[in-house]
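Remarks on the structure that follows.
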């Protein structure tokens, strides 16, 4: 059994803060939106939690960004090899085939994570999208909704508060679905708890 | 006791009658009556307190035309044997009326009706026979006519309170005060000098339709002596003769000399005529009183001004003849007079909703004089309650609502900073409420409003006044500070010039008349704008203009905005607005130049439709205006998110034998 140190401590801290924060944000977001049919907490409490967490995750995002920028791993880990597009596409299809078919028939996962190449091509493209586009968008639109007056010019830039709300809500819908799938995919290690454990210890076990 | 007293008096009369010499010429019947009624002190107290003398001068009676008649000829119900018990008589006039009826037994009405004027008097019964002809000492008409001077002759009837009712139902008094004539410049004139068509035998009847016609026609009498040529010598006076008749300034009988007036101080000079109830006629037939009450001027803020300070084109030598189309036309020009001194106020007024409404023909809309009056010019600031009352005269509903507010309470308590109507709506530049930014008026007094709201209206982790601003900019103060029903107002807005898109601009886009704009929105004509109607309308407008719908939350009935309650009672519950369950109505507004906007009922669904995203770009109230389809998408995504692992696990379970087989095969 080989152990690979896949998740450095800052990344693990960032991940778990992010994970808990995301879930609570999704739930409080739902409470704010469905105030007249959901009774988890009062509207005011939901808004307070949502706003506080919003800023915590905003800071958390910058911790992540800073860590990856300073460690120089951002480009290696998150950016797909766009200079080898054919190979990347082939790898992606292979990975998709594994999840859709290979896993059923007992094929081996074509991707072997290393600290330098942590994500499989599908993970890579989706995490890049999420971290570089969707989360910043959610942060920006969140800020617009948090104080439409202070961030009025941002709202104008984006096409009005209505568009900002649309983006924020659409991403809330996406993240809600994503987090379920993400949690399921996390159980697809060699044991259901393998990836989850790794996210606590930092060490991913790999069969020889 | 009273009976004994009366019997005593009668017995005493009989006894005394033997000592009173009675002329032989009168009949025995008369003699018998005069035994009592010949006593000078014989009188009766009437019910109204008047004293009626019962004394008859036998000698004088004998000489009268009725001298040979018995008393019973005119008093048929009284004989010596049957003298009625003391009668109850209300007053002298009632008594005269009762006995004047007896005249008709000998002088049949037919005969009395023959002379036209006399006939009219008899018919109407305005003057009683005895009032003109007397009762016991009646002269022969022929003798009296010969003897009487013209004045005496005319005044004999015209001294009474007689009047004439014209077909217009106006009443003209025909009473003439002889003293007034004597004191006037015409003091020595006989009636017939002016009323030359009258004589002792001729009393024409004029059939004027109304007082105005009467005045104009009677003025002709004056011009017989005071010819047009003579009047033209004084241009000011001549001009006056074209706008008012002689008698309006100079009076009817107590004619005043114009020469005396000239030496008066200016205001007195003008008031000599303008204190009378004179009117000015407009081209369209409307009449405007040009009467000025001296007291009004003296109690006004203009008390130190001379008439010509305002009415510059007039003087003792100039009285131009002005003609106005209508009162509206007159009032528009009256504003120019105020503008001579009060340019700032007039400039502000000119942009007001009041000026626009007046221009559009709303006669009720105020101009300078409607609020400040014509001559009783008032300064409207000090008494806050009185100032409000002035607005309430027209805006009674708003006034009623305001009475329920804390602001009215503050006025009643005499608080110095209590607001009245003008504090929020301005006094001269009163604007339509949707343009006036009334919220700013609240901030004018409630300067710390932002910081006090920041205490509770903030979003963690920072307390920022900008968050308060976001709320102030999209909800009126009244929407939280009253209990009134609320509505979401969407206003058609031109993003290019940052102004509301007006009715006429919309009409131009559609190439139609402004009256047709409503039909372009509510094309099914059911008085409610449905979402499809709104979006169809918006897409046409947007094709030609950078239009959008801006929104705000306000009270449904604008009057309710006046019912501001104490801050303890204000709405602080965020979910009051931020919930899709909030029972808010919605309205669509299209502005109109200088007047209140057109307001149309809007189906609330339109705000929650996906079409709202491109059309209401700048207005979004969390919860209240949320796009419903996104809620459905959320649940679909959740289901999808669950379906992926469930499906995948199922497939993995189903394919487990294959994996086992492959593992075994190895």
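Protein chains in written order, with UniProt numbering: chain A, 1 to 208; chain B, 1 to 666. All residues carry an ideal CB built from backbone N, CA and C; glycine is no exception. None of the values given here were measured: they were computed from a predicted structure.
Which stretch, first to last residue, makes up the beta strand (DSSP E) that contains residue i?
{"i": "residue 2 (chain A)", "result": "2-5"}
{"i": "residue 178 (chain B)", "result": "Looking at the DSSP string, residue 178 (chain B) is not in any beta strand (DSSP E); the run it does join, the alpha helix (DSSP H), is 178-183."}
{"i": "residue 554 (chain B)", "result": "547-555"}
{"i": "residue 589 (chain B)", "result": "585-592"}
{"i": "residue 600 (chain B)", "result": "595-602"}
{"i": "residue 204 (chain A)", "result": "203-206"}
{"i": "residue 291 (chain B)", "result": "Neither: residue 291 (chain B) is in no beta strand (DSSP E) and is coded neither H nor E."}
{"i": "residue 172 (chain B)", "result": "171-173"}
So what does DSSP say about residue i, is it helix, strand or coil?
{"i": "residue 84 (chain A)", "result": "coil"}
{"i": "residue 662 (chain B)", "result": "helix"}
{"i": "residue 338 (chain B)", "result": "helix"}
{"i": "residue 518 (chain B)", "result": "helix"}
{"i": "residue 459 (chain B)", "result": "strand"}
{"i": "residue 137 (chain B)", "result": "coil"}
{"i": "residue 538 (chain B)", "result": "helix"}
{"i": "residue 280 (chain B)", "result": "strand"}
{"i": "residue 24 (chain B)", "result": "Because residue 24 (chain B) sits at a pLDDT of 47, beneath the cut-off of 50, its placement in the model cannot be relied upon, and the following sentence gives the value as read from the coordinates. The answer is coil: DSSP assigns residue 24 (chain B) none of H, G, I, E or B."}
{"i": "residue 252 (chain B)", "result": "coil"}
{"i": "residue 55 (chain B)", "result": "coil"}
{"i": "residue 500 (chain B)", "result": "strand"}
{"i": "residue 386 (chain B)", "result": "helix"}
{"i": "residue 145 (chain B)", "result": "helix"}
{"i": "residue 191 (chain A)", "result": "coil"}
{"i": "residue 177 (chain A)", "result": "helix"}
Show which residues of chain A have a CB atom less than 8 angstroms away from the CB atom of residue i.
{"i": "residue 612 (chain B)", "result": "162"}
{"i": "residue 655 (chain B)", "result": "104 and 105"}
{"i": "residue 662 (chain B)", "result": "105 and 106"}
{"i": "residue 640 (chain B)", "result": "177"}
{"i": "residue 452 (chain B)", "result": "The premise fails here: residue 452 (chain B) is roughly 17 angstroms from chain A at the closest Cβ pair, so nothing lies under 8 angstroms."}
Could you tell me which chain A residues have their CB closer than 7 angstroms to the CB of residue i, listed as they occur along the chain?
{"i": "residue 469 (chain B)", "result": "149"}
{"i": "residue 650 (chain B)", "result": "Residues of chain A passing the Cβ test: none, with the nearest at roughly 11 angstroms."}
Can you list the residues of chain B that residue i reaches, using a CB-CB cut of under 7 angstroms?
{"i": "residue 48 (chain A)", "result": "460"}
{"i": "residue 43 (chain A)", "result": "574, 575 and 578"}
{"i": "residue 27 (chain A)", "result": "Within chain B, no residue comes near residue 27 (chain A); the closest Cβ sits about 12 angstroms away, beyond 7 angstroms."}
Tell me where the alpha helix (DSSP H) around residue i begins and ends.
{"i": "residue 197 (chain B)", "result": "Here residue 197 (chain B) belongs to no alpha helix (DSSP H), and DSSP marks it neither H nor E."}
{"i": "residue 121 (chain A)", "result": "121-129"}
{"i": "residue 29 (chain B)", "result": "28-37"}
{"i": "residue 492 (chain B)", "result": "Counting along the chain, residue 492 (chain B) falls outside any alpha helix (DSSP H), though it belongs to the beta strand (DSSP E) covering 486-494."}
{"i": "residue 65 (chain A)", "result": "43-71"}
{"i": "residue 162 (chain B)", "result": "Neither: residue 162 (chain B) is in no alpha helix (DSSP H) and is coded neither H nor E."}
{"i": "residue 211 (chain B)", "result": "211-225"}
{"i": "residue 298 (chain B)", "result": "294-298"}
{"i": "residue 20 (chain A)", "result": "9-33"}
{"i": "residue 109 (chain B)", "result": "109-113"}
In chain A, which residues lie with their C-beta within 9 angstroms of the C-beta of residue i?
{"i": "residue 645 (chain B)", "result": "180, 181, 183, 184, 185 and 187"}
{"i": "residue 464 (chain B)", "result": "147, 149 and 150"}
{"i": "residue 488 (chain B)", "result": "By Cβ distance, chain A contributes nothing, its closest Cβ being about 14 angstroms from residue 488 (chain B), past 9 angstroms."}
When you compare the CB positions of residue i and residue j, do they come within less than 8 angstroms of one another, or not?
{"i": "residue 168 (chain B)", "j": "residue 210 (chain B)", "result": "yes"}
{"i": "residue 372 (chain B)", "j": "residue 297 (chain B)", "result": "no"}
{"i": "residue 348 (chain B)", "j": "residue 428 (chain B)", "result": "yes"}
{"i": "residue 150 (chain A)", "j": "residue 655 (chain B)", "result": "no"}
{"i": "residue 273 (chain B)", "j": "residue 248 (chain B)", "result": "yes"}
{"i": "residue 132 (chain B)", "j": "residue 103 (chain B)", "result": "no"}
{"i": "residue 464 (chain B)", "j": "residue 547 (chain B)", "result": "no"}
{"i": "residue 162 (chain A)", "j": "residue 616 (chain B)", "result": "yes"}
{"i": "residue 282 (chain B)", "j": "residue 326 (chain B)", "result": "yes"}
{"i": "residue 54 (chain B)", "j": "residue 89 (chain B)", "result": "no"}
{"i": "residue 638 (chain B)", "j": "residue 37 (chain A)", "result": "no"}
Against residue i, what residues of chain B qualify as contacts under a CB-to-CB distance less than 8 angstroms, listed in chain order?
{"i": "residue 166 (chain A)", "result": "613, 627 and 630"}
{"i": "residue 211 (chain A)", "result": "With chain A running from 1 to 208 in the structure shown, residue 211 (chain A) is simply not present."}
{"i": "residue 173 (chain A)", "result": "630, 633, 634 and 637"}
In chain B, which residues lie less than 9 angstroms from residue i when you measure between Cβ atoms?
{"i": "residue 126 (chain A)", "result": "The premise fails here: residue 126 (chain A) is roughly 14 angstroms from chain B at the closest Cβ pair, so nothing lies under 9 angstroms."}
{"i": "residue 33 (chain A)", "result": "580, 622, 623, 626, 630, 631 and 634"}
{"i": "residue 52 (chain A)", "result": "460 and 461"}
Any chance the segment 447-458 of chain B sits against the segment 410-428 of chain B, with 3 or more Cβ pairs inside 8 angstroms?
No: fewer than three Cβ pairs fall under 8 angstroms.
For the segment 545-561 of chain B, list every residue whose C-beta sits within 7 angstroms of some C-beta in chain E, in sequence order.
In the displayed structure, chain E is absent; the protein chains listed are A and B.
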